[in-house]
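Just so you know, we're using full-length UniProt numbering here: the sequence shown kicks off at 1 and counts up by one.
Note that CB positions come from ideal geometry on N, CA and C, so glycine has one too.
Since we're looking at a predicted model, the values are computed, not measured.
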Amino acid sequence: MKLDPFYLIVDSADWIERLVRLGVRLVQLRIKDRPEDILQAEIRRAKTICAAYGCQLVINDYWQLAIEEGCDFVHLGQEDLAAADLAALRAAGLKLGLSTHDENELETALAASPDYVALGSVYPTILKHMKWSPQGLERITEWKKRIAPIPLVAIGGLNIERLQGVFNAGASSAAVVTDITLNANPEARTRAWIEFTEPWR
């Protein structure tokens with residue numbers, strides 16, 4: 001499986017509507033701590049938007065809703081993986097992306113036969129508190145050797161200036177949140193990411 005090198009992560013269908021129309025091909029809807037009816041509505045709207053623009057939608061965490069809504073890709077953290085029904089996911093035809101931060105988590109992830117593995121955080125991140133130190137570029141290279149041919153997603157503290165190093169180290173795709181959502185002009189920054197990652201498509 002080949003992933004788009006530009007992996008946008010946002011927390012609402014509003015963001016997806018705003019940015020996917022610019023040419024984004026891979027986006028994760030990552031919503032935390034909202035009532036199920038709101039989550040379901042957001043997933044439905046995001047799915048409709050992505051279908052209209054030919055963008056691959058990944059649902060973070062809520063695998064049951066992803067199955068119910070007929071989605072085709074989910075991303076799970078390690079705690080969510082432990083609680084997930086992998087047989088139900090596979091029976092529904094969902095692809096699976098998994099987060100990893102250390103050796104044990106990588107082994108757990110690979111045992112689940114994921115469609116991609118994410119490694120983070122590569123650089124210091126302001127998105128959330130991490131109990132792990134930044135992984136660095138060498139860890140990307142190490143992880144890629146161990147998981148190949150499975151795609152490797154780099155995440156955490158990434159910006160356009162760091163992308164060359166991330167891809168040279170072996171990442172298949174670079175995930176981004178705050179470099180776009182906190183930018184003064186998210187649309188212009190999204191276009192810049194698309195332009196920069198074009199050689200890796």
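- Of all alpha-carbon atoms in Cys71, Ile67, Leu81, Asp179, the one lying nearest the alpha-carbon of Leu163 is that of Asp179.
- In the DSSP assignment, Ala175 is bridged to Tyr7, Ile155.
- Rounded to whole angstroms, the Cβ separation of Leu3 and Ser173 is 4 Å, and the two are in contact under 8 Å.
- Under the three-state reduction of DSSP output, Gly120 falls in the strand class.
- According to the DSSP assignment, Gln40 belongs to the alpha helix (DSSP H) that extends over 36 to 53.
- Rounded to whole angstroms, the separation of the alpha carbons of Ala148 and Gly157 is 24 Å.
- Secondary structure note for Thr100: its beta strand (DSSP E) is the uninterrupted segment 95 to 100.
- For Ile59, the pairing in a beta bridge is given by DSSP as Leu29, Val74.
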